[in-house]
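In what follows, a single structure is set out as structure tokens and then discussed.
Number of protein chains: 2
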Amino acid sequence: MNVNHVFAALASHPRRQILVFLAQTALSTSDLAARFGTTPPAVSRHLSVLLHAGLVSAERQGQRVLYRLERDVLLDALARFASEMDAPLRRAPREAL
Amino acid sequence: MNVNHVFAALASHPRRQILVFLAQTALSTSDLAARFGTTPPAVSRHLSVLLHAGLVSAERQGQRVLYRLERDVLLDALARFASEMDAPLRRAPREAL
DNA sequence: CATACTATTAACATGAATGTTAATCATGTG
DNA sequence: CACATGATTAACATTCATGTTAATAGTATG
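Taken in order, these protein sequences are the chains called U and B.
For the first sequence, our numbering begins at 202 and goes up steadily by one.
For the second sequence, our numbering begins at 202 and goes up steadily by one.
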């Protein structure tokens, strides 16, 4: 997992909004499109960015594809960034960014 | 403070990079410009976005203006967003991320 | 297998963000 | 007060992100 990918994904307001919706329950592309007045193609591309960042997972169920928030990935990335911000002098051994 | 302002500020890679530098020590505009090969005007506008979001503070020292990371604001915003993501049921009191 | 429905991709247009150079403002120094 | 240095703003060009519609792919159902 890559903090930069995650933040690139979080960089977009619509995507953060999608995550907020998915925090409640898993939803399909068109569910999400309906929920904030945009079209499925727009949502679909946002979802692919979120997928690539590992922030959501997809599961096909018949015609629909249900997207689910990957909380651990998100919270872990936030925690990593937070600890990076907390690193004034201590440059001790650190694993990945 | 506004989580959206903060995330709008964090949306930019160069700005996150600035924050990483400022996590080490307070720096001036041209210090930062030198540190990642760009020009003072570019840095200056990024800093004004960060200022507006409350993520950094500015203190003039003679000709130079020293910028300082506001850790609390940043960490608080991350924690708020994290708890928003954790929000389906558990709305219990939580300390920092 | 034809049709309907959902999701994704393609192509395009538009608006926002970033960086650059030039100009202006602020501060310090001779 | 003239000049040098650092910071900011302005104006501009370029790139990137977003959304829209149209087309394509996958899945279910009659």
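Glycine is no exception: its CB is placed at the ideal position from the N, C-alpha and C atoms.
Closest to residue 216 of chain U by C-alpha separation, out of U:285, U:276, U:256 and U:204, would be which residue?
Closest by alpha carbon: U:256.
For residue 267 of chain U, report the span of its beta strand (DSSP E) as first-last.
Note, residue 267 of chain U: beta strand (DSSP E), 265–270.
Under the three-state reduction of DSSP, which class applies to residue 276 of chain B: helix, strand or coil?
In the three-state reduction of the DSSP assignment, residue 276 of chain B falls in the helix class, which pools H, G and I.
Check whether the Cβ of residue 287 of chain B lies closer than 8 Å to any Cβ atom in chain U.
Closer than 8 Å to the CB of residue 287 of chain B there is at least one CB belonging to chain U.
Any beta-carbon of chain B closer than 8 Å to the one on residue 212 of chain U?
Yes, residue 212 of chain U lies at the interface with chain B (some Cβ there is under 8 Å from its Cβ).
Mind checking which residues open and close the beta strand (DSSP E) that includes residue 258 of chain U?
If you look at residue 258 of chain U, you'll find it in the beta strand (DSSP E) that goes 257–262.
Environment of residue 208 of chain B [buried if 16+ CB atoms lie within 10 Å]:
Only buried fits residue 208 of chain B, as 16 or more other CB atoms lie within 10 angstroms of its CB.
Euclidean distance between Cα positions of residue 250 of chain B and residue 273 of chain B
The alpha-carbon separation between residue 250 of chain B and residue 273 of chain B amounts to approximately 17 Å.
Buried or exposed, going by whether 16 or more other CB atoms sit within 10 Å of the CB of residue 284 of chain U?
It is exposed - the Cβ of residue 284 of chain U has fewer than 16 other Cβ atoms within 10 Å.
Compare the beta carbon distance of residue 233 of chain B and residue 286 of chain U with 8 Å and say whether it is the shorter of the two.
It is not a contact, given that the beta carbons lie outside the stated cut-off.
If you check the beta carbons only, do residue 248 of chain U and residue 226 of chain U fall under 8 Å apart?
Cβ atoms of residue 248 of chain U and residue 226 of chain U: not closer than 8 Å.
Taking C-beta pairs closer than 7 Å, name the residues in chain U that residue 221 of chain B reaches, listed in chain order.
Correct list: 285.
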